[in-house]
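Here is the structure we will look at.
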Amino acid sequence: MTKGTSVVVAMSGGVDSSVAAALLVEQGYNVTGVMLRLWSEPGKEESNRCCTPDAMAGARRVAAKLGIPFYVLNSQDLFHNVVVQSFMDGYRNGITPNPCILCNQHIRWGFMYETARELGAEFMATGHYAQVNPKPDGSVELHRGLDPDKDQSYVMSVLPQEKLRHTLFPVGGMAKPEVREHARRFGLTVADRADSQDLCFLAGQDYRGFLARHVPEVTKPGKIVNADGRLVGEHQGLAFYTIGQRKGLGVAASRPLYVLEKTLATNELVVGDETNLGRNSLTAGGMNWIAGAAPAAPFEADVKIRYRAALAPAVVIPQSEDQISIHFKNSMRDITVGQRVVIYNGEVVLGGGTIRSSFNRFEEPA
Amino acid sequence: MKERIYLDYAATTPVDPRVVERMLPFFTGTFGNPSSVHWFGQQAEAALESARETVASALGAQADEIVFTSCGTESDNLAIRGMAFTQRERTGAQRIITTPVEHHAVLHTVEQLAELNGFKMDLLPVDQYGMVDPEDLRHALRDDVALVSIMYANNEIGTINPIAEIGKLCLQRGVPLHSDAVQAAAHLPMNVVRDQIDLLAIGAHKFYGPKGVGALAVRKNVGLHPSQTGGGQENGRRAGTQNIPYIVGLAEALKLTVDDLEARRQRYTARRDRLIAGVLGNVSGSRLTGHPTERLPNHASFAFERLDGNHLLMLLDAAGFACSSGSACKVGDPKPSSVLNAIGLSQAWTLGSLRVTLGESTTLDQIESFIEVLPSLVTKVRGAA
Numbered sequence: 030m031t032k033g034t035s036v037v038v039a040m041s042g043g044v045d046s047s048v049a050a051a052l053l054v055e056q057g058y059n060v061t062g063v064m065l066r067l068w069s070e071p072g073k074e075e076s077n078r079c080c081t082p083d084a085m086a087g088a089r090r091v092a093a094k095l096g097i098p099f100y101v102l103n104s105q106d107l108f109h110n111v112v113v114q115s116f117m118d119g120y121r122n123g124i125t126p127n128p129c130i131l132c133n134q135h136i137r138w139g140f141m142y143e144t145a146r147e148l149g150a151e152f153m154a155t156g157h158y159a160q161v162n163p164k165p166d167g168s169v170e171l172h173r174g175l176d177p178d179k180d181q182s183y184v185m186s187v188l189p190q191e192k193l194r195h196t197l198f199p200v201g202g203m204a205k206p207e208v209r210e211h212a213r214r215f216g217l218t219v220a221d222r223a224d225s226q227d228l229c230f231l232a233g234q235d236y237r238g239f240l241a242r243h244v245p246e247v248t249k250p251g252k253i254v255n256a257d258g259r260l261v262g263e264h265q266g267l268a269f270y271t272i273g274q275r276k277g278l279g280v281a282a283s284r285p286l287y288v289l290e291k292t293l294a295t296n297e298l299v300v301g302d303e304t305n306l307g308r309n310s311l312t313a314g315g316m317n318w319i320a321g322a323a324p325a326a327p328f329e330a331d332v333k334i335r336y337r338a339a340l341a342p343a344v345v346i347p348q349s350e351d352q353i354s355i356h357f358k359n360s361m362r363d364i365t366v367g368q369r370v371v372i373y374n375g376e377v378v379l380g381g382g383t384i385r386s387s388f389n390r391f392e393e394p395a
Numbered sequence: 266m267k268e269r270i271y272l273d274y275a276a277t278t279p280v281d282p283r284v285v286e287r288m289l290p291f292f293t294g295t296f297g298n299p300s301s302v303h304w305f306g307q308q309a310e311a312a313l314e315s316a317r318e319t320v321a322s323a324l325g326a327q328a329d330e331i332v333f334t335s336c337g338t339e340s341d342n343l344a345i346r347g348m349a350f351t352q353r354e355r356t357g358a359q360r361i362i363t364t365p366v367e368h369h370a371v372l373h374t375v376e377q378l379a380e381l382n383g384f385k386m387d388l389l390p391v392d393q394y395g396m397v398d399p400e401d402l403r404h405a406l407r408d409d410v411a412l413v414s415i416m417y418a419n420n421e422i423g424t425i426n427p428i429a430e431i432g433k434l435c436l437q438r439g440v441p442l443h444s445d446a447v448q449a450a451a452h453l454p455m456n457v458v459r460d461q462i463d464l465l466a467i468g469a470h471k472f473y474g475p476k477g478v479g480a481l482a483v484r485k486n487v488g489l490h491p492s493q494t495g496g497g498q499e500n501g502r503r504a505g506t507q508n509i510p511y512i513v514g515l516a517e518a519l520k521l522t523v524d525d526l527e528a529r530r531q532r533y534t535a536r537r538d539r540l541i542a543g544v545l546g547n548v549s550g551s552r553l554t555g556h557p558t559e560r561l562p563n564h565a566s567f568a569f570e571r572l573d574g575n576h577l578l579m580l581l582d583a584a585g586f587a588c589s590s591g592s593a594c595k596v597g598d599p600k601p602s603s604v605l606n607a608i609g610l611s612q613a614w615t616l617g618s619l620r621v622t623l624g625e626s627t628t629l630d631q632i633e634s635f636i637e638v639l640p641s642l643v644t645k646v647r648g649a650a
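Keeping their order, the protein sequence lines are chains A and B.
The first sequence begins at 30 in my numbering and counts up by one.
The second sequence begins at 266 in my numbering and counts up by one.
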């Protein structure tokens, strides 16, 4: 089945995707490498983390070494119109967006996936640490990457069943040292770039400067108030604060103060004690259920509310195909509207969606 | 593996096996330095001078008018830079007339002379086919013109300029004319006397010679500042030990080309015209770029409305067809073709160019299968945008 099957592999010039490509070639696939050219702020093209000239040259060298065709796909306009735009809109609407999720949904498993299919490929492959495992009925499950430090299943929870069926993660079942070992075996002298959670289009710079240039209205100073509405200080722009943040508030107080809420309408930052911070429930929408449909009844699961968050035990209550409520066993400090919530059953990703609100159980959701 | 069909002969050509055969003895056997006094050197010198005569006769020039260089781009650089400085010393003139559709080897050289050396760059207008009107040149030829540089035939859209008329005008005003003939020399009979061209640049790899070697024909009465100084080779106009095997290869390839020019022209023209008719007839929102008849015999170029030309090139490559585009770009950041801008195409068209250039191995069957595949790929690309 694999012999001669066409695969398009997304190459970044880094070790994971280079080894992914090399393994596919070794397994007898007919491999084509592609790289996305994403949007950069004018003048910062040299430092976009995803597609610097160096990274491109690196990917091209690997492709040449493997003897596979390689193309760069121009998705600058699409990336700007979808990912960057929603990043800016998110801040405009007072939520903390997750551009990488949108990029995977609309650019990688959108534009690039469609292009791979146009090129006649049966599969698109990437160097992500996640696993697609077939089930006897022909459908597939999404599993966590084998290496717990590298697991990227949180981000991949955005992929629908149909696209997962045409997706390969050649290094998803490996630990990082094993991947490095393969790189040595293949003679791939690729730079093992430091992992970064910075957004590629910020070009290694702080997101604050980007927002000041592109969404100046969310960088307007305003009042910092406590839960009673009493003025306790001045903030530098709501976009610069995250829920649960303690440091950098610039407010003198006898006890540590934490960001509890951002009130967009009045441009106010609400702060309070640590005891006011926790929420034990959330609602989420835009659910993607990997199996293709929402479970019929409430169930217990492990839940992640950020990429790097620990799994937290909770009860998940499907409200509709699209909507869920989640009640956590323990209070969570930093449930953030706009971030992705992902539901796990052990190693298996059941689905994920976008956090719409947080509240304390026995209250009505906002 | 499916058949791969090469339709990018304007980018480069394979080396003719007969040319390779002629080159081989000069790597190991006859390896001498042509500047040396001894027998080894004399043998190399004999090969060099024989090549010089061959090239001169192919271009209608004298042997001592031929300078060997490393490529067409170097020939353009040597001609423009060398002549600009000579002319300014001689007459004080510092205006350089050229066109907006020149190869970058010309445009960027003139731009640098303007930016760093105080020369003035004058761009002549071109018509909707990218052709220069000699009348425009006549008006532009004032007393302060140091040099005119107008390409013989355009690499991107194939249009052939009325170079003999241009040459006559330059001769009348006593202004030296440089012409980039890198594309033209592969397909048209060159004659620097007939066309009154003072500086004619060619590169071997466009006519089945090796990459890395070119030549410049420099009319005898024209002085030229060397752009590369050293041991005084090439009559002091281009220093550096001559690359004998490659120069021999260039001469042999040019001779074979000239001998076969008319037969090739007929063969290519029929296939090219079938290609053009097939593409224009089968792809909606398509147009020919460049002149319909005054164009290189192997050259077909198109613009497609609302289309990412690079994306099309990728799909064509995956389908087994190697072509090119005016906005071709390997880093995913295509810029609208400046040539298509210059001939007045709107933004809806300037990113969607395609160049298909035919060569010795191109068959009518290949053209037919290209015409068959292209429309569905164009539809795919337009759908992806």
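All C-beta atoms, glycine included, are put in the ideal place defined by N, C-alpha and C.
With a Cβ-Cβ cutoff of 8 Å, do B:Leu577 and B:Leu642 count as a contact?
Position 312 of the second sequence, counted from the first residue, corresponds to residue 577 of chain B. Position 377 of the second sequence, counted from the first residue, corresponds to residue 642 of chain B. Contact flag set, yes.
Please list, in chain order, the chain B residues whose beta carbon lies closer than 7 Å to that of A:Val101.
Locating residue 101 of chain A in the first sequence gives position 72, counting from the first residue. The contacting residues are Lys595, Val596 and Gly597.
Report yes or no: do the segment 106 to 121 of chain A and the segment 338 to 351 of chain A share at least 3 C-beta pairs separated by less than 8 Å?
Segments in contact, no.
How about B:Arg333 and B:Gln507: do their beta carbons lie closer than 8 Å?
Walking along the second sequence from the start, residue 333 of chain B turns up at place 68. Walking along the second sequence from the start, residue 507 of chain B turns up at place 242. A quick correction: the sequence has Phe, not Arg, at residue 333 of chain B. Cβ distance < 8 Å, so B:Phe333 and B:Gln507 count as in contact.
In the DSSP output, which residue or residues are listed as bridge partners for B:Leu388?
Locating residue 388 of chain B in the second sequence gives position 123, where the first residue counts as 1. BP columns for B:Leu388 point to B:Thr363.
Is DSSP giving B:His576 helix, strand or coil here?
Looking up residue 576 of chain B in the second sequence gives position 311. DSSP places B:His576 in helix when its eight states are reduced to three.
Quick one: is A:Gln134 near chain B, going by C-beta distance under 8 Å?
On the first sequence, residue 134 of chain A is found 105 positions in, with the first residue counted as 1. Chain B, which has no Cβ nearer than 8 Å to the Cβ of A:Gln134, makes this no.
Do the segment 46 to 54 of chain A and the segment 144 to 163 of chain A make contact, defined as three or more Cβ pairs closer than 8 Å?
With the cut-off at 8 Å, the segment 46 to 54 of chain A and the segment 144 to 163 of chain A touch.
Counting only Cβ pairs nearer than 8 Å, list the residues of chain B close to A:Gln105.
Counted from its first residue, the first sequence places residue 105 of chain A at position 76. Near A:Gln105 (Cβ distances below 8 Å), the residues of chain B are Gly597 and Asp598.
On a Cα-Cα basis, can you pick out the residue from A:Gln134, A:Ala93, A:Gly167 and A:Val299 that is closest to A:Tyr183?
Residue numbering aside, residue 183 of chain A sits at position 154 when the first sequence is read from its first letter. Cα-wise, what sits closest to A:Tyr183 is A:Gln134.
Rounded to whole angstroms, what is the Cα-Cα separation between A:Gly258 and A:Met316?
Here residue 258 of chain A refers to the residue found at position 229 of the first sequence. Here residue 316 of chain A refers to the residue found at position 287 of the first sequence. Cα to Cα, the separation comes out at about 35 Å.
Given a limit of 7 Å on CB to CB distance, which residues of the segment 269 to 294 of chain B reach chain A?
Under the 7 Å Cβ criterion, the segment 269 to 294 of chain B contributes no residue.
In whole angstroms, what separates the C-alpha of A:Tyr270 from that of A:Tyr373?
For the purposes of this step, residue 270 of chain A is identified with residue 241 of the first sequence, where counting begins at 1. For the purposes of this step, residue 373 of chain A is identified with residue 344 of the first sequence, where counting begins at 1. Each residue's Cα considered, the two are about 29 Å apart.
Could you tell me the distance, in whole angstroms, from the CA atom of B:Met455 to the CA atom of B:Ser414?
Mapped onto the second sequence, residue 455 of chain B falls at position 190. Mapped onto the second sequence, residue 414 of chain B falls at position 149. Distance between the alpha carbons of B:Met455 and B:Ser414: 17 Å.
Counting only C-beta atoms, is B:Asn547 closer than 8 Å to chain A at any point?
As a working mapping, residue 547 of chain B is identified with position 282 in the second sequence. Taking Cβ atoms only, chain A never reaches closer than 8 Å to B:Asn547, which makes this a no.
If distances are taken between C-alpha atoms only, which option among A:Val111, A:Thr365, A:Leu171 and A:Met141 comes closest to A:Leu379?
Working through the first sequence from its first residue, we reach residue 379 of chain A at position 350. When only C-alpha atoms are compared, the closest one is A:Leu171.
Relative to the C-alpha of A:Val280, which candidate in A:Ala294, A:Glu143, A:Gly262 and A:Cys79 has its C-alpha closest?
Looking up residue 280 of chain A in the first sequence gives position 251. Selected option, being the one with the closest Cα: A:Gly262.
I'd like to know if B:Leu580 contacts chain A, where contact means its C-beta is closer than 8 Å to some C-beta of that chain.
The count along the second sequence starts at 1 and reaches residue 580 of chain B at position 315. For B:Leu580, the answer is yes, since a Cβ of chain A falls inside 8 Å of its Cβ.
Check whether the segment 630 to 646 of chain B and the segment 135 to 142 of chain A touch, using three or more Cβ-Cβ pairs below 8 Å as the test.
The segment 630 to 646 of chain B is not in contact with the segment 135 to 142 of chain A.
So which residues of chain B does A:Leu311 contact, with C-beta pairs closer than 7 Å?
In the first sequence, residue 311 of chain A corresponds to position 282, counting from 1. Within chain B, no residue comes near A:Leu311; the closest Cβ sits about 37 Å away, beyond 7 Å.
Could you give the residue range of the beta strand (DSSP E) that holds A:Lys333?
In the first sequence, residue 333 of chain A corresponds to position 304, counting from 1. Run containing A:Lys333: Phe328 to Lys333, per the beta strand (DSSP E) assignment.
Any chance the segment 324 to 344 of chain B sits against the segment 430 to 447 of chain B, with 3 or more Cβ pairs inside 8 Å?
Yes: the two stretches touch, three or more of their Cβ pairs being nearer than 8 Å.
What residue from B:Pro390, B:Lys385 and B:Asp460 has the CA that sits closest to B:Gly325's CA?
Working through the second sequence from its first residue, we reach residue 325 of chain B at position 60. Checking every option, the nearest Cα to that of B:Gly325 belongs to B:Asp460.
If we ignore side chains and look at the alpha-carbon of each, how far apart do A:Arg209 and A:Gln56 end up?
On the first sequence, position 180 is the one that residue 209 of chain A refers to. On the first sequence, position 27 is the one that residue 56 of chain A refers to. One C-alpha to the other measures close to 18 Å.
Determine the DSSP secondary structure at A:Gly380, reduced to helix, strand or coil.
Along the first sequence, read from residue 1 onward, the residue named residue 380 of chain A stands at position 351. DSSP places A:Gly380 in strand when its eight states are reduced to three.
State the Cα-Cα distance for the pair A:Asn309 and A:Asp178, rounded to the nearest angstrom.
Start at 1 with the first residue of the first sequence, and residue 309 of chain A comes out as number 280. Start at 1 with the first residue of the first sequence, and residue 178 of chain A comes out as number 149. Whole-angstrom Cα-Cα distance: 26 Å.
Identify the contact partners of A:Leu148 in chain B, using a Cβ-Cβ distance below 8 Å as the criterion.
Position 119 of the first sequence, counting from 1, holds the residue named residue 148 of chain A. Those are Met579, Leu580 and Ala583, listed as they occur along chain B.
Is there contact here, the segment 380 to 391 of chain A with the segment 357 to 372 of chain A, by at least three beta-carbon pairs under 8 Å?
Yes, they touch.
In chain order, what residues of the same chain have a beta carbon less than 7 Å from the beta carbon of B:Ala349, not counting five sequence neighbours either side?
Taking the first residue of the second sequence as 1, we reach residue 349 of chain B at position 84. Hits under 7 Å: Ile361, Leu378, Phe384, Ala411 and Leu412.
B:Leu515: which of B:Leu272, B:Pro282, B:His490 and B:Thr554 sits nearest, CA to CA?
As a working mapping, residue 515 of chain B is identified with position 250 in the second sequence. For the residues B:Leu272, B:Pro282, B:His490 and B:Thr554, the minimum Cα distance to B:Leu515 belongs to B:Pro282.
Check whether the segment 613 to 620 of chain B and the segment 565 to 581 of chain B touch, using three or more Cβ-Cβ pairs below 8 Å as the test.
Verdict: yes, contact present.
Please look up how many angstroms separate the CB atoms of B:His470 and B:Thr277, rounded, as I've assumed it's under 8 Å.
Here residue 470 of chain B is taken as the residue at index 205 of the second sequence, counted from 1. Here residue 277 of chain B is taken as the residue at index 12 of the second sequence, counted from 1. Their Cβ separation, rounded to whole angstroms, is 5 Å, which keeps B:His470 and B:Thr277 in contact under 8 Å.
Sort A:Val299, A:Ala322 and A:Arg214 by Cα distance to A:Gly266 and report the nearest one.
Residue mapping note: residue 266 of chain A aligns to position 237 of the first sequence, counting from 1. When each option's Cα is compared against that of A:Gly266, the closest is A:Val299.
Who are the Cβ neighbours of A:Val144 in its own chain at under 8 Å, not counting the five residues just before and after it?
Here the question's residue 144 of chain A lines up with position 115 in the first sequence. Looking at the sequence shown, residue 144 of chain A is not Val but Thr. Only Val37, Val63 and Leu102 meet the Cβ criterion.
Is any beta-carbon of chain A found at less than 8 Å from that of B:Lys739?
The requested residue 739 of chain B does not occur in the structure, where chain B is confined to residues 266 to 650.
So the beta strand (DSSP E) A:Gly238 belongs to, where does it begin and stop?
Looking up residue 238 of chain A in the first sequence gives position 209. Taken as a continuous stretch (DSSP letters only), A:Gly238 belongs to no beta strand (DSSP E), being part of the alpha helix (DSSP H) at Tyr236 to His243.
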